[in-house]
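Residue numbers (the numbering used here): 1408 to 1687.
So, in C-alpha coordinates, the structure goes:
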(Lines of atoms letter the chains of each structure in order from A and count residues from 1; the text may use other names and numbers.)
(Lines give C-alpha, C1' and ligand atoms only; values in the text may rest on other atoms or scores of the structure.)
Protein backbone atom coordinates (compact mmCIF):
# COMPACT_ATOMS: atom_id res chain seq x y z
CA UNK A 1 0.00 0.00 0.00
CA UNK A 2 1.46 3.32 -1.09
CA UNK A 3 2.87 5.49 1.69
CA UNK A 4 2.55 2.81 4.38
CA UNK A 5 5.73 1.16 5.66
CA UNK A 6 6.28 -1.51 8.32
CA UNK A 7 9.70 -0.04 9.04
CA UNK A 8 8.17 3.34 9.92
CA UNK A 9 4.95 2.19 11.58
CA UNK A 10 6.00 -1.01 13.33
CA UNK A 11 3.12 -2.55 15.25
CA UNK A 12 0.77 0.18 14.01
CA UNK A 13 1.16 -1.03 10.41
CA UNK A 14 -1.90 -3.33 10.43
CA UNK A 15 -4.16 -0.66 11.97
CA UNK A 16 -3.05 2.02 9.52
CA UNK A 17 -3.51 -0.34 6.55
CA UNK A 18 -7.01 -1.20 7.77
CA UNK A 19 -7.88 2.49 8.12
CA UNK A 20 -6.55 3.26 4.64
CA UNK A 21 -8.34 0.27 3.12
CA UNK A 22 -11.76 0.65 4.74
CA UNK A 23 -11.79 4.44 5.05
CA UNK A 24 -15.08 5.63 6.53
CA UNK A 25 -16.85 2.33 5.80
CA UNK A 26 -18.06 0.63 9.01
CA UNK A 27 -18.82 -2.79 7.53
CA UNK A 28 -16.03 -4.57 9.49
CA UNK A 29 -17.64 -3.33 12.73
CA UNK A 30 -21.03 -4.63 11.58
CA UNK A 31 -19.41 -7.98 10.78
CA UNK A 32 -17.88 -8.15 14.26
CA UNK A 33 -21.20 -7.17 15.84
CA UNK A 34 -22.87 -10.00 13.91
CA UNK A 35 -20.37 -12.52 15.30
CA UNK A 36 -20.87 -11.25 18.85
CA UNK A 37 -24.66 -11.28 18.46
CA UNK A 38 -24.50 -14.86 17.20
CA UNK A 39 -22.22 -15.96 20.06
CA UNK A 40 -23.92 -14.31 23.02
CA UNK A 41 -27.52 -13.77 22.00
CA UNK A 42 -28.47 -16.30 19.36
CA UNK A 43 -26.27 -19.21 20.42
CA UNK A 44 -28.30 -22.00 18.82
CA UNK A 45 -27.20 -21.13 15.30
CA UNK A 46 -23.68 -19.76 15.62
CA UNK A 47 -22.09 -19.33 12.17
CA UNK A 48 -18.87 -21.17 12.91
CA UNK A 49 -17.35 -20.54 9.52
CA UNK A 50 -17.34 -16.75 10.03
CA UNK A 51 -16.07 -17.12 13.59
CA UNK A 52 -13.24 -19.45 12.51
CA UNK A 53 -12.34 -17.13 9.65
CA UNK A 54 -12.13 -14.11 11.92
CA UNK A 55 -10.12 -15.92 14.63
CA UNK A 56 -7.68 -17.45 12.16
CA UNK A 57 -7.01 -14.13 10.45
CA UNK A 58 -6.74 -12.28 13.77
CA UNK A 59 -4.01 -14.68 14.89
CA UNK A 60 -2.09 -14.54 11.62
CA UNK A 61 -2.25 -11.88 8.92
CA UNK A 62 -4.02 -9.31 11.13
CA UNK A 63 -1.70 -9.96 14.06
CA UNK A 64 0.69 -6.96 14.37
CA UNK A 65 3.51 -9.10 15.76
CA UNK A 66 3.17 -11.70 13.02
CA UNK A 67 3.01 -9.01 10.33
CA UNK A 68 5.98 -7.05 11.65
CA UNK A 69 8.39 -9.98 11.52
CA UNK A 70 7.00 -12.24 8.77
CA UNK A 71 5.61 -9.99 6.01
CA UNK A 72 8.93 -8.16 5.32
CA UNK A 73 10.71 -11.51 4.91
CA UNK A 74 8.08 -12.52 2.35
CA UNK A 75 8.64 -9.21 0.50
CA UNK A 76 4.86 -8.69 0.57
CA UNK A 77 4.67 -5.31 2.27
CA UNK A 78 3.29 -3.36 -0.71
CA UNK A 79 0.63 -6.00 -1.37
CA UNK A 80 -0.29 -6.67 2.28
CA UNK A 81 -3.58 -4.77 2.02
CA UNK A 82 -4.92 -7.60 -0.18
CA UNK A 83 -5.30 -9.72 2.95
CA UNK A 84 -8.31 -7.59 3.81
CA UNK A 85 -10.07 -9.05 0.77
CA UNK A 86 -10.24 -12.52 2.31
CA UNK A 87 -12.26 -11.46 5.35
CA UNK A 88 -15.87 -12.35 4.34
CA UNK A 89 -17.33 -9.06 5.54
CA UNK A 90 -20.06 -8.63 2.92
CA UNK A 91 -21.37 -12.25 3.01
CA UNK A 92 -21.21 -12.11 6.81
CA UNK A 93 -23.24 -8.91 7.07
CA UNK A 94 -25.85 -10.28 4.67
CA UNK A 95 -26.05 -13.55 6.63
CA UNK A 96 -26.41 -11.90 10.04
CA UNK A 97 -28.92 -9.37 8.74
CA UNK A 98 -31.14 -12.20 7.47
CA UNK A 99 -30.65 -14.09 10.75
CA UNK A 100 -31.76 -11.07 12.77
CA UNK A 101 -34.81 -10.52 10.56
CA UNK A 102 -35.82 -14.18 10.73
CA UNK A 103 -35.39 -14.23 14.52
CA UNK A 104 -38.48 -12.02 14.83
CA UNK A 105 -41.62 -14.13 15.20
CA UNK A 106 -44.24 -11.67 14.00
CA UNK A 107 -44.49 -10.26 10.48
CA UNK A 108 -44.52 -6.70 11.77
CA UNK A 109 -41.33 -7.37 13.69
CA UNK A 110 -39.67 -8.81 10.57
CA UNK A 111 -40.62 -5.73 8.55
CA UNK A 112 -39.24 -3.37 11.18
CA UNK A 113 -36.05 -5.43 11.50
CA UNK A 114 -35.61 -5.48 7.69
CA UNK A 115 -35.99 -1.70 7.46
CA UNK A 116 -33.61 -1.22 10.37
CA UNK A 117 -30.96 -3.53 8.83
CA UNK A 118 -31.25 -1.77 5.48
CA UNK A 119 -30.86 1.65 7.13
CA UNK A 120 -27.81 0.53 9.11
CA UNK A 121 -26.11 -0.95 6.03
CA UNK A 122 -26.77 2.16 3.94
CA UNK A 123 -25.59 4.58 6.64
CA UNK A 124 -22.45 2.60 7.53
CA UNK A 125 -21.26 2.13 3.96
CA UNK A 126 -19.42 4.52 1.64
CA UNK A 127 -21.45 6.42 -0.99
CA UNK A 128 -20.50 5.63 -4.59
CA UNK A 129 -19.47 9.23 -5.25
CA UNK A 130 -16.88 8.84 -2.51
CA UNK A 131 -15.25 5.94 -4.38
CA UNK A 132 -15.68 6.46 -8.12
CA UNK A 133 -15.31 9.77 -9.91
CA UNK A 134 -17.01 10.36 -13.27
CA UNK A 135 -18.68 6.96 -12.98
CA UNK A 136 -20.15 5.56 -16.19
CA UNK A 137 -22.12 2.40 -16.78
CA UNK A 138 -20.35 -0.62 -18.30
CA UNK A 139 -20.48 -0.78 -22.09
CA UNK A 140 -21.34 -4.47 -22.19
CA UNK A 141 -21.98 -7.62 -20.18
CA UNK A 142 -18.24 -8.31 -19.85
CA UNK A 143 -17.52 -4.97 -18.14
CA UNK A 144 -14.72 -4.14 -20.59
CA UNK A 145 -14.53 -1.54 -23.38
CA UNK A 146 -16.22 -2.54 -26.63
CA UNK A 147 -12.98 -1.60 -28.37
CA UNK A 148 -11.18 -4.39 -26.50
CA UNK A 149 -13.70 -6.96 -27.68
CA UNK A 150 -13.27 -5.71 -31.24
CA UNK A 151 -9.47 -5.94 -31.30
CA UNK A 152 -9.50 -9.38 -29.64
CA UNK A 153 -11.89 -10.58 -32.31
CA UNK A 154 -9.54 -9.24 -35.00
CA UNK A 155 -6.52 -10.96 -33.46
CA UNK A 156 -8.19 -14.36 -33.16
CA UNK A 157 -9.69 -14.06 -36.62
CA UNK A 158 -6.34 -13.25 -38.20
CA UNK A 159 -3.99 -15.80 -36.70
CA UNK A 160 -3.91 -19.50 -35.93
CA UNK A 161 -2.00 -19.28 -32.65
CA UNK A 162 -4.00 -20.33 -29.62
CA UNK A 163 -2.09 -17.97 -27.32
CA UNK A 164 -0.81 -14.98 -29.32
CA UNK A 165 1.51 -12.51 -27.61
CA UNK A 166 0.16 -8.97 -27.82
CA UNK A 167 1.38 -5.46 -27.08
CA UNK A 168 -1.76 -3.63 -25.99
CA UNK A 169 -2.17 0.12 -25.76
CA UNK A 170 -1.97 1.34 -22.17
CA UNK A 171 -5.72 1.94 -22.19
CA UNK A 172 -6.36 -1.79 -22.70
CA UNK A 173 -3.31 -3.49 -21.21
CA UNK A 174 -4.70 -3.88 -17.68
CA UNK A 175 -8.08 -5.25 -18.78
CA UNK A 176 -7.19 -7.42 -21.79
CA UNK A 177 -6.74 -10.70 -19.89
CA UNK A 178 -9.86 -10.06 -17.82
CA UNK A 179 -11.78 -10.49 -21.04
CA UNK A 180 -9.56 -12.97 -22.93
CA UNK A 181 -7.23 -15.13 -20.85
CA UNK A 182 -5.87 -16.86 -23.95
CA UNK A 183 -3.79 -13.78 -24.78
CA UNK A 184 -0.26 -13.34 -23.44
CA UNK A 185 0.73 -9.78 -22.57
CA UNK A 186 4.13 -8.66 -23.80
CA UNK A 187 4.11 -5.74 -21.35
CA UNK A 188 3.61 -6.85 -17.76
CA UNK A 189 1.81 -4.76 -15.18
CA UNK A 190 4.81 -3.87 -13.02
CA UNK A 191 6.89 -2.74 -15.99
CA UNK A 192 4.06 -0.52 -17.26
CA UNK A 193 3.47 1.07 -13.85
CA UNK A 194 7.19 1.56 -13.24
CA UNK A 195 7.69 3.21 -16.65
CA UNK A 196 4.71 5.45 -15.88
CA UNK A 197 6.51 6.73 -12.78
CA UNK A 198 4.96 4.70 -9.96
CA UNK A 199 6.92 5.08 -6.74
CA UNK A 200 5.44 1.91 -5.26
CA UNK A 201 6.38 -0.71 -7.85
CA UNK A 202 9.90 -2.10 -7.59
CA UNK A 203 11.52 -3.18 -10.86
CA UNK A 204 15.13 -3.91 -11.72
CA UNK A 205 15.50 -1.40 -14.54
CA UNK A 206 18.84 -2.91 -15.58
CA UNK A 207 17.40 -6.29 -16.51
CA UNK A 208 17.25 -7.10 -20.21
CA UNK A 209 13.57 -8.08 -19.96
CA UNK A 210 12.64 -4.62 -18.66
CA UNK A 211 14.83 -2.85 -21.18
CA UNK A 212 13.01 -4.68 -23.98
CA UNK A 213 9.64 -3.69 -22.59
CA UNK A 214 10.79 -0.11 -22.07
CA UNK A 215 11.86 0.19 -25.72
CA UNK A 216 8.41 -1.00 -26.79
CA UNK A 217 6.60 1.31 -24.36
CA UNK A 218 8.71 4.30 -25.39
CA UNK A 219 7.34 3.97 -28.90
CA UNK A 220 3.82 2.63 -28.37
CA UNK A 221 2.91 4.59 -25.25
CA UNK A 222 5.09 7.70 -25.25
CA UNK A 223 5.85 8.41 -28.93
CA UNK A 224 9.56 8.60 -28.22
CA UNK A 225 12.34 8.07 -30.74
CA UNK A 226 13.93 4.64 -30.45
CA UNK A 227 16.46 3.18 -32.85
CA UNK A 228 14.57 0.94 -35.26
CA UNK A 229 16.94 -1.97 -34.81
CA UNK A 230 16.60 -1.79 -31.01
CA UNK A 231 12.82 -1.63 -31.24
CA UNK A 232 12.63 -4.47 -33.76
CA UNK A 233 14.99 -6.63 -31.67
CA UNK A 234 12.81 -5.95 -28.62
CA UNK A 235 9.70 -7.16 -30.46
CA UNK A 236 11.51 -10.26 -31.68
CA UNK A 237 12.97 -11.08 -28.24
CA UNK A 238 9.49 -10.68 -26.70
CA UNK A 239 8.02 -12.93 -29.45
CA UNK A 240 5.44 -10.27 -30.26
CA UNK A 241 2.66 -11.42 -32.58
CA UNK A 242 0.40 -8.35 -32.53
CA UNK A 243 0.41 -4.71 -31.46
CA UNK A 244 -2.73 -2.74 -30.62
CA UNK A 245 -1.86 0.95 -30.98
CA UNK A 246 -3.94 4.08 -30.49
CA UNK A 247 -4.92 5.85 -33.71
CA UNK A 248 -3.59 9.03 -32.08
CA UNK A 249 -0.10 7.58 -31.80
CA UNK A 250 2.46 9.48 -33.87
CA UNK A 251 4.56 6.43 -34.76
CA UNK A 252 2.37 4.58 -37.26
CA UNK A 253 4.77 5.16 -40.16
CA UNK A 254 7.64 4.11 -37.91
CA UNK A 255 5.83 0.87 -37.01
CA UNK A 256 5.26 0.05 -40.67
CA UNK A 257 8.93 0.67 -41.43
CA UNK A 258 10.08 -1.88 -38.83
CA UNK A 259 7.78 -4.53 -40.29
CA UNK A 260 4.50 -4.15 -38.42
CA UNK A 261 1.63 -4.87 -40.79
CA UNK A 262 -1.72 -3.10 -40.17
CA UNK A 263 -4.53 -5.65 -40.46
CA UNK A 264 -7.51 -3.75 -39.03
CA UNK A 265 -8.58 -0.44 -37.54
CA UNK A 266 -11.35 0.25 -35.07
CA UNK A 267 -12.61 3.63 -33.98
CA UNK A 268 -9.75 4.08 -31.49
CA UNK A 269 -7.04 1.51 -32.32
CA UNK A 270 -4.98 0.07 -35.14
CA UNK A 271 -4.12 -3.64 -34.95
CA UNK A 272 -0.71 -4.62 -36.34
CA UNK A 273 0.66 -8.08 -37.06
CA UNK A 274 4.37 -8.66 -36.47
CA UNK A 275 5.90 -11.82 -37.94
CA UNK A 276 8.75 -12.10 -35.46
CA UNK A 277 9.58 -15.69 -36.45
CA UNK A 278 10.45 -14.61 -39.99
CA UNK A 279 12.65 -11.80 -38.72
CA UNK A 280 14.77 -13.85 -36.33
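Where a beta carbon is used, it is the ideal one built from N, C-alpha and C, also for glycine.
- Judged by DSSP secondary structure, residue 1655 falls outside any alpha helix (DSSP H); it is assigned neither H nor E.
- If you check the CB distance, residue 1685 and residue 1653 do not come in under 8 angstroms.
- As the crow flies, the alpha-carbon of residue 1412 is around 14 angstroms from that of residue 1477.
- In the three-state DSSP reduction, residue 1608 falls in the coil class, being neither helix nor strand.
- DSSP places residue 1461 in the helix class (H, G or I) of the three-state scheme.
- Per DSSP, the continuous beta strand (DSSP E) segment holding residue 1680 begins and ends at 1676-1680.
- For residue 1573 against residue 1673, the beta-carbon gap comes to about 14 angstroms, at or over 8 angstroms, which does not count as contact.
- In the structure shown, the three-state DSSP call for residue 1435 is helix.
- Excluding its 5 nearest sequence neighbours in each direction, residue 1562 has C-beta neighbours in its own chain below 7 angstroms: 1571, 1573, 1649 and 1678, listed in chain order.
- The beta carbon of residue 1565 lies closer than 6 angstroms to those of 1670 in the same chain, with the five residues before and after it left out.
- In the three-state DSSP reduction, residue 1476 falls in the helix class (H, G or I).
- The beta carbon of residue 1422 is closer than 8 angstroms to those of 1471 in its chain, skipping five residues each way along the sequence.
- Nearest in C-alpha terms to residue 1658, of all of 1643, 1636, 1591 and 1632, is 1632.
- DSSP, read as helix, strand or coil, puts residue 1671 in strand.
- Contiguous alpha helix (DSSP H) elements confined to the stretch 1479-1567 occur at 1496-1509, 1514-1531 and 1553-1565, taking only those with 4 or more residues.
- In the structure shown, the three-state DSSP call for residue 1447 is helix.
- Its chain contains 1593 and 1619 as the residues whose beta carbon lies nearer than 6 angstroms to that of residue 1645, once the 5 sequence neighbours on both sides are disregarded; these appear in chain order.
- The three-state reading of DSSP puts residue 1601 in helix, counting H, G and I together.
- The Cβ atoms of residue 1596 and residue 1624 lie no closer than 8 angstroms to each other.
- As DSSP reads the structure, residue 1572 sits in a beta bridge with 1591.
- Assigned with DSSP and collapsed to three states, residue 1649 falls in strand.
- The C-alpha of residue 1491 lies about 15 angstroms from the C-alpha of residue 1437.
- Approximately 15 angstroms separates the beta-carbon atoms of residue 1626 and residue 1617; this is outside 8 angstroms, ruling out the contact.
- With fewer than 16 other CB atoms across the displayed protein chains lying within 10 angstroms of its CB, residue 1497 is exposed.
- Counting C-beta atoms within 10 angstroms of its own C-beta, residue 1447 has fewer than 16 neighbours from the protein chains shown and is therefore classed as exposed.
- DSSP places residue 1621 in the helix class (H, G or I) of the three-state scheme.
- Of the candidates 1428, 1456, 1431 and 1430, 1456 places its Cα closest to the Cα of residue 1441.
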